[in-house]
Amino acid sequence: MSDDLAARSAFAADGPLHALLRRLTERAARAEPLPAPTGLTTGSAELPFLSVLTRTQGRRPETLRELMLCLAAQTCEDFEVLILAHDLPADRSGAVDAAIAEQPERLRSRVRRVDVTGGGRSRPLNIGLVEARGRYVVAVDDDDLVLAHWVAEFRQLAQSQPGRVLRAVVAEQDVAETPGVAPGHAAVSATRTPYPDHFDLLAHLVSNLTPNLGLAFPRECFTELGIRYDEALHVFEDWDVLLECAALCGVASTPEVTAVYRRWVDAGSSLLEAGEESWRAAERDVAARIDSRELLLPPGAFSALRWYKAEQLEYAAEHGRMSAARDYAEAELARVEALLAASEQRYVDVVRDFEESASWKLTAPVRRLSDKARRLRGQT
Numbered sequence: 072m073s074d075d076l077a078a079r080s081a082f083a084a085d086g087p088l089h090a091l092l093r094r095l096t097e098r099a100a101r102a103e104p105l106p107a108p109t110g111l112t113t114g115s116a117e118l119p120f121l122s123v124l125t126r127t128q129g130r131r132p133e134t135l136r137e138l139m140l141c142l143a144a145q146t147c148e149d150f151e152v153l154i155l156a157h158d159l160p161a162d163r164s165g166a167v168d169a170a171i172a173e174q175p176e177r178l179r180s181r182v183r184r185v186d187v188t189g190g191g192r193s194r195p196l197n198i199g200l201v202e203a204r205g206r207y208v209v210a211v212d213d214d215d216l217v218l219a220h221w222v223a224e225f226r227q228l229a230q231s232q233p234g235r236v237l238r239a240v241v242a243e244q245d246v247a248e249t250p251g252v253a254p255g256h257a258a259v260s261a262t263r264t265p266y267p268d269h270f271d272l273l274a275h276l277v278s279n280l281t282p283n284l285g286l287a288f289p290r291e292c293f294t295e296l297g298i299r300y301d302e303a304l305h306v307f308e309d310w311d312v313l314l315e316c317a318a319l320c321g322v323a324s325t326p327e328v329t330a331v332y333r334r335w336v337d338a339g340s341s342l343l344e345a346g347e348e349s350w351r352a353a354e355r356d357v358a359a360r361i362d363s364r365e366l367l368l369p370p371g372a373f374s375a376l377r378w379y380k381a382e383q384l385e386y387a388a389e390h391g392r393m394s395a396a397r398d399y400a401e402a403e404l405a406r407v408e409a410l411l412a413a414s415e416q417r418y419v420d421v422v423r424d425f426e427e428s429a430s431w432k433l434t435a436p437v438r439r440l441s442d443k444a445r446r447l448r449g450q451t
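Structural data, given as structure tokens:
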């Protein structure tokens, strides 16, 4: 290979693939290593398929009980549950323990409570990654719901397309606290399905179209690639992780609806607590992070990008044509307005000249007599 070709190679020291590998290696070295599951190896048959990471602050023990009931009803029981109790005050600790203790033994034996102190929303998830033993990891908040085939769908995807991020469709429901009703009980809307049936990485670059409970990540994303939830982000930490894992591992997707994301519309939601402007700032931050690094694209992205670019170019051309037509119309309007102004000025000049003429002044007495005669005739 010539020096010129080597300099332009993707694998050159400043090439995109080399930069990508260097970034992954450096980040994996900086990240705190995730220990192997206690007493087990990654090839052990005893490893659960899925680790369910559930953040809770004990604010809504009733919704945590509902989630635990959903997990007890799973048709596939090849999973463990980590209840990540984040800065849990003493007066809420008992309710969380009670929600675990009242589960049937076959679920209770697979549930662990892990206490987490300090940090923001991402801290419990990172601690959960250290504690997780599953081959895949999924995050579910304590106020969401999962359907009975939730784990089974993830496992079927993993068997057909191992090593990929697993993605299922999530329904959505508005929830509002009901005045005068015990905390945790709420009025709920009908469920809807606003998220797409299949995963599209390019669409996800625009906004997050998959709530975290619809995504199961291979544990290798965190053990081998060093990916972590960014604790500097107070929102969009899940979107940041999804974009990087999806680009590196690909996504296996199913159109099955397997869970319900609850959107709190009056209190307790991260949007309301953080404020819309804070959300927009975090969104711009994540976009800047993605924009600053190399991005692998899945099959089909080339055609999609060509279509998007063609649409952009056509829009730009149409905008140019419309701008030219607008400029022409504005010029024509200015020309007509100038003609009207000139005509009006000529009319004013003609009237002025006529009124200042000698004949107009000499006939003024006649016009006054004529006007007086008309008024007299009108009175008779």
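Under our numbering, the first residue of the sequence shown is numbered 72, with each subsequent residue one higher.
We put the CB at the ideal spot given by N, CA and C, even for glycine.
Source: prediction; values computed, not measured.
Per DSSP, the unbroken beta strand (DSSP E) holding H157 starts and ends at 150-157.
If you look at L304, you'll find it isn't in any beta strand (DSSP E); DSSP assigns it neither H nor E.
V167 and P132 do touch by the CB rule: their CB atoms are close to 7 Å apart, below 8 Å.
Distances from the CA of W221 to each of D362, E308, L237 were compared; the closest alpha carbon is that of L237.
Rounded to whole angstroms, F288 and Q383 show a C-alpha spacing of 34 Å. For a cut-off of 8 Å, the C-beta gap from F270 to S349 is around 27 Å, too long to register as a contact. Less than 8 Å divides the Cβ of L153 from the Cβ of A203.
Take V211, set aside five residues on each side of it, and the residues of its chain with a beta-carbon closer than 8 Å to its own are V123, L124, T125, L138, V217, N283, L284, A330, in chain order. For Y386, the enclosing alpha helix (DSSP H) starts and ends at 372-426. The continuous stretches of alpha helix (DSSP H) do not include F120, and DSSP gives it neither H nor E. Following the DSSP letters along the chain, one finds P195 inside the alpha helix (DSSP H) bounded by residues 193-202.
Y266 and V240 do touch by the CB rule: their CB atoms are close to 6 Å apart, below 8 Å.
Measuring C-alpha to C-alpha distances from S180 to each of A358, S260, P119, F293 identifies P119 as the nearest.
In this structure, the CA atom of E408 is about 24 Å from the CA atom of R392.
For E248, the three-state secondary structure derived from DSSP is strand.
It is roughly 28 Å from the alpha-carbon of L135 to the alpha-carbon of S278. In this structure, the CA atom of A303 is about 51 Å from the CA atom of E401. Residue environment analysis places T281 among the buried positions, since at least 16 neighbouring C-beta atoms fall within 10 angstroms of its C-beta. E176 and F307 have their C-alpha atoms some 36 Å from each other. If you compare the alpha carbons of A318, D337, A396 with that of R364, the shortest gap goes to A318. Taken atom to atom, the span from the alpha-carbon of L411 to that of R417 is near 10 Å. Counting only unbroken stretches of 3 or more residues, no beta strand (DSSP E) element lies wholly within the segment 154-184.
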